[in-house]
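Only one structure is covered here, and it is reproduced in the block below.
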Amino acid sequence: MSISRRCPYHPGLGLERAYSLCGLGKYEQAISPLEKIVKEEPRNALARYLLGRAYAAVGDRQSAYDQLKAAADISPRLRAVSLYYAARSAIRMGKKDEARDILERIIAAESPETEIARASRELLKLHSVTPAAKRWWVSTTTRYEYDSNVALAPDDAAIVGVSEEGDFRFMNTFRLSVAPLVTKKLDFIVDYFFLHSLHNHLGDFNLLGHELTPMFVFKLGKATIRSGYEFDYFFLDDGHQDYYRTNSIFAGVDLQSGRSGLSRFTYRYTTGDYFLAFDRPEDDLDIKNAHALVLDHYIFFSGRPDSYVRFAFEYDRNNTVGRDFFYNGFSFLGEFCLPLVENISLDVWARYYLRNFPRSVTGRRDHRQEYNALLIRPLNEYMDVAFNYNATINDSREPLYRFDRNIFSVILACHF
64 MSISRRCPYH PGLGLERAYS LCGLGKYEQA ISPLEKIVKE EPRNALARYL
114 LGRAYAAVGD RQSAYDQLKA AADISPRLRA VSLYYAARSA IRMGKKDEAR
164 DILERIIAAE SPETEIARAS RELLKLHSVT PAAKRWWVST TTRYEYDSNV
214 ALAPDDAAIV GVSEEGDFRF MNTFRLSVAP LVTKKLDFIV DYFFLHSLHN
264 HLGDFNLLGH ELTPMFVFKL GKATIRSGYE FDYFFLDDGH QDYYRTNSIF
314 AGVDLQSGRS GLSRFTYRYT TGDYFLAFDR PEDDLDIKNA HALVLDHYIF
364 FSGRPDSYVR FAFEYDRNNT VGRDFFYNGF SFLGEFCLPL VENISLDVWA
414 RYYLRNFPRS VTGRRDHRQE YNALLIRPLN EYMDVAFNYN ATINDSREPL
464 YRFDRNIFSV ILACHF
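Count along the sequence shown from 1, add 63, and you get the number used in this note's numbering.
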């Protein structure tokens, strides 16, 4: 017998339609009548169980977790199955410690040979939420995209203008995060990131790069302090003669305000250099004393990490020696992310930049608008498919840096 059918079902008239809708997989239609029943009968454990399952099916994991935990508290007969699905929601939210505690409760309370106990042990093993908690994470993306105006921009500032040509490219990324030290108050995390882009025709705009970031995370109640070092190294062409290299130190704090708000402050100091093989040695572009300050604020809906609005402000002073690449300026960003229909989410953001280049003999000043829309559909617990559109409009006093750019992407993302 399937675990999902373990629920002792004796529906009253108010539950019959909702139960049928859940059985047919029409979870969105079941949510409204179930919410009404729960509001009128707060101790109706079966309604809360079904509502939790419906919320989970449409991606509202926090609400699913809350309803399933409530069902487990109300009904001893529903406790094990409700806790099992609550643990699954906790895992999807990244709350591995809570999931482990819940699954261990089920295993301790149920006979070892029961299906629910076997499933709980398997879930512990599958997601590595065992007492020796998982301390590594891997994510990869493979994308195929068309760029209408290819630019060499590893740090988000086109350093030699744009190609004024469109091209297709493959881009692959790999990220490995390892946590050698995890305590209640302090984590030490090492993050490695690899990127490779390969153009169909414009090989001089290929990228091959690495990032290494060791970081300490201090957990102080509602405040989380981050501090670390980042090393970046990118080859900027097919022949690996040009490169972009930086060393950065950063520090920041996250301030949590209940379940609905998060403010993040980050400061970054960077040194490094660009090396362009076709330039004279004196035109090597060294970065000295580059500073950036970023302020982010998130407002989450219903406490869900995948449903929020975000506002951000950034001040950037990039003191590049050579040519006219020293700039300072600021940007504003607005973003919203929300589930649309079952298993499909939309993430949209818009950003405005103003950058001054005081060393430019032409008095260069750039105004840039950037728009992005990302549509995401999970295929399973480990794989997502996404479609992305990005548009950039850069208006500059210097004709070389006036450009429009459109990027259309199909992305396959995996996470373990």
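Beta carbons are placed, not taken as given, at the ideal position from N, Cα and C, and that holds for glycine.
- Bounds of the alpha helix (DSSP H) holding Glu98 are Tyr90 to Glu103.
- Selection Tyr330, Thr329, Tyr452 and Asn381 evaluated against Phe471 yields Tyr452 as nearest (Cα-Cα).
- Rounded to the nearest whole angstrom, the C-alpha separation of Tyr90 and Arg431 is 43 angstroms.
- Secondary-structure assignment with DSSP links Lys285 through no beta bridge to anything.
- Taken atom to atom, the span from the alpha-carbon of His262 to that of Ser226 is near 12 angstroms.
- Relative to Asn107, the option among Leu84, Ala454 and Pro139 whose CA is nearest is Pro139.
- Rounded to the nearest angstrom, the gap between the Cα atoms of Arg181 and Met446 is 25 angstroms.
- Going by DSSP, Glu398 is part of no alpha helix (DSSP H) but of the beta strand (DSSP E) stretching over Tyr390 to Val404.
- Within the model, the alpha-carbon separation for Tyr434 versus Asp458 is close to 15 angstroms.
- For Leu318 and Arg331, the gap between their C-alpha atoms comes out near 18 angstroms.
- A distance of 7 angstroms or more separates the beta carbons of Trp200 and Ser260.
- The distance from the Cβ of Ala149 to that of Ile170 is about 14 angstroms, inconsistent with a contact at the 8 angstroms cut-off.
- Contact check for Met234 against Ile252 fails: the beta carbons are separated by 7 angstroms or more.
- Within 10 angstroms of the beta-carbon of Ile94 lie 16 or more other beta-carbons, which makes it buried.
- For Glu161, the CB contacts under 7 angstroms within the same chain, skipping 5 residues up- and downstream, are Ala153 in chain order.
- Contact between Asn469 and Ala449 is ruled out by a C-beta separation of about 17 angstroms, above the 8 angstroms threshold.
- Minimum Cα-Cα distance from His360 among the listed residues Arg155, Leu325 and Asp369 corresponds to Leu325.
- Going by DSSP, Gly315 is part of the beta strand (DSSP E) stretching over Tyr306 to Ser320.
- Sequence-distant partners of Thr287 (beyond 5 residues in either direction) whose C-beta falls short of 6 angstroms from its own C-beta, in its chain, are Asp317.
- For Val144, the uninterrupted alpha helix (DSSP H) run begins and ends at Arg142 to Arg155, by DSSP.
- Ala242 is positioned such that its CB atom lies closer than 7 angstroms to that of Arg198.
- In the three-state scheme derived from DSSP, where H, G and I count as helix and E and B as strand, Arg181 is classed as helix.
- By the CB criterion at 7 angstroms, Val213 and Phe298 fall outside the cutoff.
- Under the criterion of beta carbons closer than 8 angstroms, Thr333 and Ser311 qualify as touching, at roughly 4 angstroms.
- Taking all protein chains in view, the Cβ of Ser145 is crowded by 16 or more other Cβ atoms within 10 Å, so the residue is classified as buried.
- Residues of the same chain with a CB within less than 6 angstroms of the CB of Ala135, apart from the 5 flanking positions on each side, are Arg142, Ser145 and Leu146 in chain order.
- In terms of Cβ geometry, Asp295 and Glu274 form a close pair [threshold 7 angstroms].
- For the 7 angstroms CB-CB criterion, Cys85 and Leu113 form a contact.
- With distances taken between CA atoms, Glu208 lies nearest to Phe231 out of Phe231, Arg163, Trp412 and Glu461.
- The shortest CA-to-CA distance from His478 to any of Asp379, His264, Arg418 and Ser202 is the one to Ser202.
- Here Ala413 has Gly397 and Tyr434 as same chain residues with Cβ atoms under 6 angstroms from its own Cβ, once five neighbours each way along the sequence are excluded.
- Here Val101 is buried: its Cβ has 16 or more other Cβ atoms, across all protein chains shown, within 10 Å.
- The continuous alpha helix (DSSP H) containing Glu161 extends over residues Lys159 to Ala172.
- Rounded to whole angstroms, Phe237 and Asn352 show a C-alpha spacing of 30 angstroms.
- Counting along the chain, Arg111 sits inside the alpha helix (DSSP H) bounded by residues Ala108 to Ala120.
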